[in-house]
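These protein sequences, in sequence, are chains A and B. Sequential numbering from 30 applies to the first sequence in my numbering. Sequential numbering from 30 applies to the second sequence in my numbering. Virtual Cβ for every residue (Gly too), placed ideally from N, Cα, C. Remember, it's a predicted structure, so these values are computed and weren't measured experimentally. Remarks on the structure that follows.
Protein chains: 2
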Amino acid sequence: MSHPHRSGCPINLTLELLGDRWSLIVLRDVMFGGRRHYRELLNQSEEGIASNVLADRLKRLLANDLLSRVDDPSHKQKGVYSLTEPSIQLVPLLAQMGAWGRRHTPTTPELAIRAELLEAGGPAMWEAFMDELRAIHLGAPPPARSVSAELRAAFEKALAEA
Amino acid sequence: MSHPHRSGCPINLTLELLGDRWSLIVLRDVMFGGRRHYRELLNQSEEGIASNVLADRLKRLLANDLLSRVDDPSHKQKGVYSLTEPSIQLVPLLAQMGAWGRRHTPTTPELAIRAELLEAGGPAMWEAFMDELRAIHLGAPPPARSVSAELRAAFEKALAEA
DNA sequence: CAATCTGATTGCAATTTGCAAGCAGTTGAT
DNA sequence: ATCAACTGCTTGCAAATTGCAATCAGATTG
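This is how it looks when you write it as C-alpha cells:
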C-alpha cells in the first residue's frame, strides 16, 4: 500500500499530511472563504491553483478525513465539500499561521485584517469560530456568535477605508 | 531575481516560506533537539533527511532570516546555526502543530509527551520557552524558568515508564 | 439542439526529491 | 609525520511531484 511514516513525531506527522504548498490553501478557502465546490476553489482561488493539483489535493484531503463530500442535489455532477471535525480543529493552527505571517512576511494590509482580528480574539474567538463551522459543515446547532460575520465586516471595512 | 508571491495572504506567505516537508523539521530539531551543526541535523534526524536537501534547506532558511550561522571557533569547518527572532516566534505555531498532530495522527506515545506538555502549559509556557531560546540563540539574559528542562524531564520520565 | 457549465483527466516539460557516492579541508590519535 | 575519522557540502542520477494548457464526457440551460 502506501509508504510508512517517517517518524511518530506529532509535528512530523502533521507535516506529512499538510506540509505542502496547497493543502492548507484549499482548507483555508473552505474555512474562511466559504468555498464548497470544485469550481469555486479553482476559479476564486487568490493563488491560482491548477486543476490537476486541486483534484489531487481534494482526493488526498478526502482520504485523510480532512474533508468530506456529498453530491449536490441541484446538479448531478456537483459535489459539496465540507470540513470535518479534524479540519475544524485546525482553526488554532491557521490562526497562528496568520498571526506569524502578518508579522514576518510582506502581507497585503486588507488580507492581513482577518489574521489580526483572529489573533486579537484569541482562543475564545477560535472556539466560537469552530462552533460556527460545526454548525455549517457538520449540522450542529447554530451558535449565538458569528465569527465569520465579524471577519467579513472587518474585511469590508478595511476595503472601504482603502 | 526570484519569483513573485502567489498572494499577499498571511497564511499563503507563511506557506511559501515553510510549506514543505523539511523546513519545519529542521527548525524543530534546532529548537527542541538542540541541534546546532550540520552533522547533528543530518545524522540525529529522526526522519532521515538527505544531505543535499538539508544543505538546500539551511541555505533557504538562512536567506529568509529563519536561521543564522556563525563559524565555530573550535573547528574551522564547522558552522553553528542559531534561531532568529522570527523563528523563535514560531513556537506557538509548532505547539499548535504538535497539539493537532497528537490528536489526529498516529503518534508515538513517547514523542507525543512533549507536545502534550507544551499544549497543557499554554501561552505562558510558550513565552517562557521563547525567552529561554532567546537566551540560548540570541544571547539574551537567561530566564528563571527552563522549559527545555521541563520537556526533557517529562520525556525521560515517559521513556523510563515504557 | 447548441452553448455553457460541471468535475475532473491527460500530455508534457520543469522542478523537486531521495539516495549514494564523492570531495577538499580539518582534526586528533599514534 | 601519518593516517583514519570527521567537517560541511556537492555531484550524478533516477523517480516522483508540480505547473501549465488542452481536453473530456456528462449535465444543464437557453
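Buried versus exposed, by CB contacts within 10 Å (16 or more), ALA128/B: Here the question's residue 128/B lines up with position 99 in the second sequence. Per the 10 Å Cβ criterion, buried.
Spatial neighbours of ALA197/B in its chain, beta-carbon cut-off 8 Å, leaving aside the 5 residues before and after: Absent from the structure is residue 197/B, since the part of chain B shown begins at 30 and ends at 191.
HIS166/B at chain A interface by Cβ criterion, 9 Å: On the second sequence, residue 166/B is found 137 positions in, with the first residue counted as 1. So no, HIS166/B is outside the interface.
Boundaries (first-last residue) of the alpha helix (DSSP H) holding ARG180/B: Taking the first residue of the second sequence as 1, we reach residue 180/B at position 151. For the record, residue 180/B in the displayed sequence is Leu; it is not Arg. For LEU180/B, the enclosing alpha helix (DSSP H) starts and ends at 176 to 190.
Beta carbon proximity, LEU140/B to chain A, threshold 9 Å: Counting from 1 along the second sequence, the entry for residue 140/B is found at position 111. With 9 Å as the cut-off, LEU140/B counts as an interface residue toward chain A.
Cβ shell of ALA164/A (< 8 Å), same chain only, five flanking positions each side left out: Locating residue 164/A in the first sequence gives position 135, counting from the first residue. Excluding sequence neighbours, ALA164/A sits near PRO170, PRO171 and PRO172.
Residues sharing a beta bridge with ASP49/B, DSSP: Your numbering for residue 49/B matches position 20 in the second sequence. According to DSSP, ASP49/B bridges with nothing at all.
Rounded distance between the beta-carbons of LEU122/B and GLN118/A, thought under 8 Å: Locating residue 118/A in the first sequence gives position 89, counting from the first residue. Locating residue 122/B in the second sequence gives position 93, counting from the first residue. About 15 Å; that fails the 8 Å criterion.
Beta-carbon neighbours of GLU75/A, restricted to chain B and to distances below 8 Å: As a first step, residue 75/A must be located in the first sequence, where it is residue number 46. Per Cβ cutoff of 8 Å: ARG35, SER36, CYS38 and ASN41.
Alpha carbon of THR43/B to alpha carbon of GLY151/B, nearest angstrom: Translated into the one-based positions of the second sequence, residue 43/B becomes position 14. Translated into the one-based positions of the second sequence, residue 151/B becomes position 122. THR43/B and GLY151/B: Cα-Cα distance of roughly 22 Å.
Below-9 Å beta-carbon distance, MET154/B vs any chain A residue: Taking the second sequence and counting its residues from 1, one reaches residue 154/B at position 125. So, not an interface residue.
Within 9 Å, strictly: CB atoms of ARG131/B and PHE61/B: For the purposes of this step, residue 131/B is taken as residue 102 along the second sequence, with counting starting at 1. For the purposes of this step, residue 61/B is taken as residue 32 along the second sequence, with counting starting at 1. Cβ atoms of ARG131/B and PHE61/B: not closer than 9 Å.
Interface partners of LEU71/B on chain A, CB under 7 Å: Taking the second sequence and counting its residues from 1, the one referred to as residue 71/B is at position 42. The contacting residues do not exist; LEU71/B stays about 15 Å from chain A at best.
Contact set for TRP155/B: own chain, Cβ-Cβ below 8 Å, skip 5 residues either direction: Residue numbering aside, residue 155/B sits at position 126 when the second sequence is read from its first letter. If we look at TRP155/B and ignore the five residues flanking it on each side, its Cβ neighbours are VAL120, PRO121, ALA124 and LEU147.
6 Å CB neighbourhood of LEU109/B in its chain, flanking five on each side removed: The residue given as residue 109/B occupies position 80 in the second sequence. The question names Leu, but residue 109/B is Val in the sequence shown. So the qualifying residues of the chain are ARG65, VAL99 and ASP101.
Closest by C-alpha distance to VAL176/B, when choosing among GLY168/B, LEU162/B, LEU167/B and GLU185/B: As a working mapping, residue 176/B is identified with position 147 in the second sequence. Considering only alpha carbons, the answer is LEU162/B.
Those runs of the alpha helix (DSSP H) which lie wholly inside the region 78 to 166 of chain A and span at least 4 residues: 80 to 92, 114 to 117 and 120 to 133
Continuous alpha helix (DSSP H) stretch holding GLU75/A: start and end: By 1-based counting over the first sequence, the position of residue 75/A is 46. Run containing GLU75/A: none; DSSP gives neither H nor E here.
Span separating the alpha-carbon of VAL59/B from that of LYS107/B: Mapped onto the second sequence, residue 59/B falls at position 30. Mapped onto the second sequence, residue 107/B falls at position 78. Their backbone Cα atoms lie some 16 Å apart in a straight line.
Residues of its chain near SER116/B, where Cβ-Cβ distance is below 6 Å and the 5 sequence neighbours each way are ignored: Indexing the second sequence from 1 puts residue 116/B at position 87. Hits under 6 Å: LEU56 and LEU95.
Other residues of its chain near LEU47/B: CB distance less than 6 Å, five sequence neighbours each side excluded: Sequence index remark: in the second sequence, residue 47/B carries index 18 (1-based). Same-chain partners within the cutoff: LEU53.
Within 7 Å of chain B by C-beta, residues of the region 51 to 71 of chain A in sequence order: Along the region 51 to 71 of chain A, going in chain order, the ones with a CB nearer than 7 Å to a CB of chain B are LEU53, ILE54 and ARG57.
Euclidean distance between Cα positions of THR134/B and ASN81/A: Translated into positions along the second sequence, residue 134/B becomes position 105. Translated into positions along the first sequence, residue 81/A becomes position 52. The straight-line gap from Cα to Cα measures roughly 27 Å.
Reference LYS88/B, options LYS186/B, TYR67/B, GLY168/B and SER36/B, closest by Cα: Stepping through the second sequence from its first residue, residue 88/B is reached at position 59. Comparing Cα positions, the closest option is TYR67/B.
Cα-Cα separation, ILE78/A to HIS34/B: Stepping through the first sequence from its first residue, residue 78/A is reached at position 49. Stepping through the second sequence from its first residue, residue 34/B is reached at position 5. If you take the alpha carbons of ILE78/A and HIS34/B, they lie about 13 Å apart.
CB-CB length for GLU76/A against SER36/B, believed under 8 Å: As a working mapping, residue 76/A is identified with position 47 in the first sequence. As a working mapping, residue 36/B is identified with position 7 in the second sequence. Right, the Cβ-Cβ distance comes to about 5 Å (below 8 Å), so this counts as a contact.
Expected contact under 8 Å - CB spacing of LEU23/B and LEU91/B to nearest Å: Shown here, chain B extends from 30 to 191; a query on residue 23/B therefore has no answer.
Chain-ordered neighbours of GLY130/B on chain A, where CB pairs are closer than 7 Å: Taking the first residue of the second sequence as 1, we reach residue 130/B at position 101. Those are PRO39, ILE40, LEU42 and THR43, listed as they occur along chain A.
CA-to-CA distance, ASN93/B to TRP51/B, given in whole angstroms: Position 22 of the second sequence, counting from 1, holds the residue named residue 51/B. Position 64 of the second sequence, counting from 1, holds the residue named residue 93/B. Each residue's Cα considered, the two are about 15 Å apart.
CA-to-CA distance, ASP85/B to LYS186/A, given in whole angstroms: Numbered from its first residue, the first sequence carries residue 186/A at position 157. Numbered from its first residue, the second sequence carries residue 85/B at position 56. Cα to Cα, LYS186/A sits roughly 42 Å from ASP85/B.
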